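By the count of our numbering, the sequence shown reaches residue 912 at its end, each step adding exactly one.
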Amino acid sequence: MYTLKGADFTPEHFDWAVDDGVATITLNRPERKNPLTLDSYAELRDTFHKLRYVDDVKTVVFTGAGGNFCSGGDVHDIIGPLTRMDMPELMTFTRMTGALVSEMRNCPQPIISAIEGICAGAGAIISMASDLRYASADSKTAFLFVRVGLAGCDMGACTILPRIIGQGRASELLYTGRSMSGDEGLSWGYFNGLAPMGDVLAQATQVARKLADGPTFAHSMTKKCLHQEWNVSIEQALEIEAEAQAICMQTQDFTRAYNAFVAKEKPVFEGN
């Protein structure tokens, strides 16, 4: 049976590399602080969809070139054209951007954002939609939609951000559009760790490597349950997790872990 390979991807609008199970997405327009375009939005959405079907990508690191993560939607490619669209066209656009978040949350691989410098607008959303986030202390993360006359409820921000940092803090960021510093983000639980400028990508990649070397099928089940259990009762969550864990107990990685424990060895996981 043919299996799609992540290493075979050739994106046009961002850089893509796969190294021993760890894929790295790099937004590479440093002269503009790595803004998104209509085409890069769509290609990112399609890439995360394809990741459901690959077997050589175990984790994904998302970063930006030139000392910045992402400045959001390109003013000339996106913001300007939006002011001239009618309602059906605007709905097509907002549903497409929301689909990027949906594909990020539904792809099985853990996604880790490595954030330096500016992380604004849609860039902040990408970091929010990731599973883990590492940043430099001087990074600036801003959900700045209100600063361009828009609501803070963009691309799932009103449901996802409060779950990460709490309702009050999320409300402040979404109402004011102000930047969250790296230190604030760490103390609020938004960032999983801080590293010096220039070292953030290495830290994120080290975590991604550790996850890629682990029981990756089980990781995918953890991500699925974290995503699915937002809007269910405790009883439903218990059943979802009972099914997920029973499935994991049939994997070879589970048997490998037991055999290694008996032999007093460190297990070597293979993801099946």
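Note that beta-carbon positions come from the ideal geometry of N, C-alpha and C, so glycine has one too. As the structure is a prediction and not an experimental result, all values here were calculated from the model.
- Under the DSSP assignment, C759 falls in the beta strand (DSSP E) whose first and last residues are I758 to A760.
- By the neighbour-count definition (other C-beta atoms within 10 Å, threshold 16), Q892 is an exposed residue.
- In the structure shown, A775 falls within a strand segment according to DSSP collapsed to helix, strand and coil.
- Between the C-alpha atoms of Q885 and V700 there is a straight-line separation of about 24 Å.
- For A903, the secondary structure class from DSSP, reduced to helix, strand or coil, is coil.
- Secondary structure at D659: strand, using DSSP grouped into helix, strand and coil.
- Within 10 angstroms of the beta-carbon of I718 lie 16 or more other beta-carbons, which makes it buried.
- The alpha helix (DSSP H) runs of length 4 or more contained entirely in the stretch 722 to 803 are, from start to end of the chain, 727 to 746 and 762 to 769.
- Within the same chain, R896, A897 and A900 come within 7 Å of P907 by CB-CB distance, once the 5 residues on both sides are set aside.
- Burial is judged here by how many other beta carbons sit within 10 angstroms of a residue's own beta carbon; Y693 has fewer than 16 and is exposed.
- With contacts defined as CB atoms closer than 8 Å, N832 and R773 qualify as a contacting pair.
- If you check the CB distance, V662 and T862 do not come in under 8 Å.
- It is roughly 44 Å from the alpha-carbon of G806 to the alpha-carbon of A903.
- Beyond the five residues adjoining it in sequence on each side, P670 comes within less than 8 Å, by CB distance, of G704, A705, G706, G707 and N708 in the same chain, given in chain order.
- With the rule of 3 Cβ pairs closer than 8 Å, the stretch 771 to 787 does not count as touching the stretch 729 to 737.
- Per DSSP, the continuous beta strand (DSSP E) segment holding V701 begins and ends at T699 to G704.
- Taking each of P675, S779, L841 and E743 in turn and checking the Cα distance to L691, the smallest one comes out for E743.
- Annotated three-state conformation of S873 is coil, per DSSP.
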